[in-house]
Structure formats: structure tokens, C-alpha cells
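K.L.:
Counting from 165, one number per residue, gives the positions in the sequence shown under the numbering used here. Using N, Cα and C, we set each Cβ at its ideal position, and we do this for glycine too.
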Amino acid sequence: MRSLDVSGTRQEESVQPIAREDKAHERNLKLGDLSDADVVQASLDGDDRAFGELVRRYDQRLLNFVYRTIGDRERSEDLIQETFVRVYRHLHRFDQSKKFSTWIYTISSNLAKNELRNRSRNPLVLFQTIKKNWSTDDRPLEWEDPKYKPDDLYRKRFLRARVEEAVEELPKHHRMVFVLRELEGKTYEEIAEITECNLGTVKSRLNRARNNFAKIIAPMIE
């Protein structure tokens, strides 16, 4: 009986180190290999690295989105910083049954809309020139490919410049859905959540944006 008790004790003792090793292994997993949901949970669990991983994943993507919407690089950087401040403060309120990307884009979208609303009330800002400094990073539309010949690359760069100019001329509420759909590759459902509009409104605005875009860009590429 004594030997059985000892073996039983040894079994219990051997399980604990294994459990600790498993937890250590989980902590040491590369955050870059985890899903957004897992990284969010890690951040909520107190892993200081996890929030930095969320910033790494979304910083440039959100900056591109906001910049394409408001046209001011420095102000866009301020809004993205504010986005992450809000995410950090309210992460515990995030509904984890939904996509984190949609939630964070919604926060950025609201900040961008507020910025445009404030600008419309300021006549000095209203006439600011919209700069052109888009990045092709994270853009569903692939503009350049090494397999193209120089002439082809020139035409694609020319087309990209015309697209940028045409997008800038779209009304702001059309511009946002156009950028989210055509340049960010978001689904209609995601756009509806981000812009806080119903699907019908999203589709209507996108249809008008596409029609306006076609009219604007047509004379540019003739």
C-alpha cells in the first residue's frame, strides 16, 4: 500500500511541472502566429506584449485608411494614436464574439468622420489642399508587379495617380465607403458596422460612389 501511495504522489508531482511547462510554452508562442482574438485575450490576461502586437498589425493599415479619408498625414497620425488609446482603455468592453478588425476600424472611422465634420465648420480648413501620399501596402488593388515591362509600369503608375485624384473628388460620405470597399477590401457587412449604417445605405452610397468615380476618372484617362 505504501508503494502505491508513493507512486500516486509521484504522479501528482510529475503532472504539475508538465502543466507549468505547457503554460510557459503557450506564453512563449510567437504573438505573430496567433489570431486577433487570441492576441486580444492575451492582452486582457495581462501580457504586455500583446497590445503592442495589435498596434503592429493595425497601425499602418488604419493610417492608410484614415489618410485616404481625410487627406492630412499628420492629422491622420494623431487620429490613429487616439484610436489605440481608446482601444487600450476599452478593450475589456470589446465583444469577443465579433471581429476585432471591424471594431477598431469603427473607432477610426468615427474619429475620421468627426474630423471631417469639424473641418466643414472651419472655412480655413475647408480649402486645404489634399495631399497625395498613398501607400500600396495592404491595398487589395495591386498596382505594380515586377513581371510588367517599364511601359506597363508607367501606365499603371499613371492610372494610380488618376485614381487618387478621382477618389479625392468624391463626397466625403461616398469616399469613405469607396475606400473601405475598393481599396481596403472590406465586406458590405463590415462597412455597415464601421460606418454605423445599414446595408441598404452602404450599397446605395457605394453604387453612387462608383458611378461618380467613373464619371470623374473617364476624362482623366482618355
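Let me make sure I understand the geometry here. Which of 336, 259, 368 and 218 has the alpha-carbon closest to that of residue 196?
P.N.:
Locating residue 196 in the sequence shown gives position 32, where the first residue counts as 1. Per the Cα distances, 218.
K.L.:
Quick check on residue 212: does DSSP put it in helix, strand or coil?
P.N.:
On the sequence shown, position 48 is the one that residue 212 refers to. Helix, per DSSP.
K.L.:
Taking buried to mean at least 16 other C-beta atoms within 10 Å of its own C-beta, is residue 177 buried or exposed?
P.N.:
Start at 1 with the first residue of the sequence shown, and residue 177 comes out as number 13. Residue placement at residue 177 is flagged as unreliable, the pLDDT there being 44, under the threshold of 50; the coordinate-derived value follows with that caveat. Classification for residue 177: exposed.
K.L.:
Mind reading off the beta-carbon distance from residue 229 to residue 265? Whole number of angstroms is fine, and I expect it under 8 angstroms.
P.N.:
Start at 1 with the first residue of the sequence shown, and residue 229 comes out as number 65. Start at 1 with the first residue of the sequence shown, and residue 265 comes out as number 101. Actually they do not touch by this definition, with Cβ atoms about 11 angstroms apart.
K.L.:
What are the start and end residues of the alpha helix (DSSP H) that includes residue 379?
P.N.:
Along the sequence shown, one-based indexing puts residue 379 at 215. That run of the alpha helix (DSSP H) goes 363-381.
K.L.:
Find the nearest neighbour of residue 350 within the set 337, 335 and 366, judged by alpha-carbon distance.
P.N.:
Position 186 of the sequence shown holds residue 350. The residue with the shortest Cα to Cα distance from residue 350 is 366.
K.L.:
My assumption, with CB atoms under 8 angstroms, is that residue 243 sits in contact with residue 276. Please give the rounded CB distance.
P.N.:
As a position in the sequence shown, residue 243 is number 79, starting the count at 1. As a position in the sequence shown, residue 276 is number 112, starting the count at 1. With 8 angstroms as the limit, residue 243 and residue 276 qualify as a contact, their Cβ atoms being about 6 angstroms apart.
K.L.:
Can you look up residue 264 in the DSSP assignment and give me helix, strand or coil?
P.N.:
Counted from its first residue, the sequence shown places residue 264 at position 100. DSSP places residue 264 in helix when its eight states are reduced to three.
K.L.:
DSSP on residue 348, reduced to helix/strand/coil?
P.N.:
Residue numbering aside, residue 348 sits at position 184 when the sequence shown is read from its first letter. Three-state result, residue 348: coil.
K.L.:
How far does the alpha helix (DSSP H) with residue 340 in it reach, from first residue to last?
P.N.:
On the sequence shown, position 176 is the one that residue 340 refers to. Note, residue 340: alpha helix (DSSP H), 336-342.
K.L.:
Excluding five sequence neighbours on each side, which residues of the same chain lie with their C-beta closer than 8 angstroms to the C-beta of residue 200?
P.N.:
Translated into the one-based positions of the sequence shown, residue 200 becomes position 36. Once the five neighbours on either side are set aside, the close Cβ partners of residue 200 are 218, 221, 263, 264 and 265.
K.L.:
Checking 8 angstroms against the spacing of the C-beta atoms, do residue 363 and residue 356 come in under that value?
P.N.:
Along the sequence shown, one-based indexing puts residue 363 at 199. Along the sequence shown, one-based indexing puts residue 356 at 192. Going by C-beta atoms, residue 363 is nearer than 8 angstroms to residue 356.
K.L.:
Using only the alpha-carbon positions, how far apart do residue 236 and residue 227 sit?
P.N.:
Mapped onto the sequence shown, residue 236 falls at position 72. Mapped onto the sequence shown, residue 227 falls at position 63. So the two alpha carbons sit approximately 10 angstroms from each other.
K.L.:
Terminal residues of the continuous alpha helix (DSSP H) containing residue 248?
P.N.:
Numbered from 1 along the sequence shown, position 84 holds the residue referred to as residue 248. Taken as a continuous stretch (DSSP letters only), the alpha helix (DSSP H) holding residue 248 covers 237-254.
K.L.:
Can you tell me whether residue 394 is helix, strand or coil according to DSSP?
P.N.:
With the chain covering 165 to 386 only, the question about residue 394 has no answer from this structure.
K.L.:
By the three-class DSSP mapping on this structure, what secondary structure does residue 207 have?
P.N.:
Taking the first residue of the sequence shown as position 1, residue 207 is located at position 43. In the structure shown, residue 207 sits in a helix (DSSP, three-state: H, G or I).
K.L.:
Express the C-alpha separation of residue 380 and residue 330 in angstroms, rounding to a whole number.
P.N.:
Along the sequence shown, one-based indexing puts residue 330 at 166. Along the sequence shown, one-based indexing puts residue 380 at 216. Going from the Cα of residue 330 to the Cα of residue 380 covers about 6 angstroms.
K.L.:
Between the Cα of residue 335 and the Cα atoms of 374, 253 and 261, which residue gives the shortest distance?
P.N.:
As a first step, residue 335 must be located in the sequence shown, where it is residue number 171. If we check each option's Cα against that of residue 335, 374 comes out closest.
K.L.:
Can you give me the C-alpha to C-alpha distance between residue 245 and residue 368, rounded to a whole angstrom?
P.N.:
In the sequence shown, counting from the first residue as 1, residue 245 sits at position 81. In the sequence shown, counting from the first residue as 1, residue 368 sits at position 204. Going by the C-alpha atoms only, they are around 32 angstroms apart.
K.L.:
Relative to the C-alpha of residue 268, which residue among 253, 280, 282 and 281 is closest?
P.N.:
For this step, residue 268 is matched to residue 104 along the sequence shown. Here the closest residue by C-alpha is 253.
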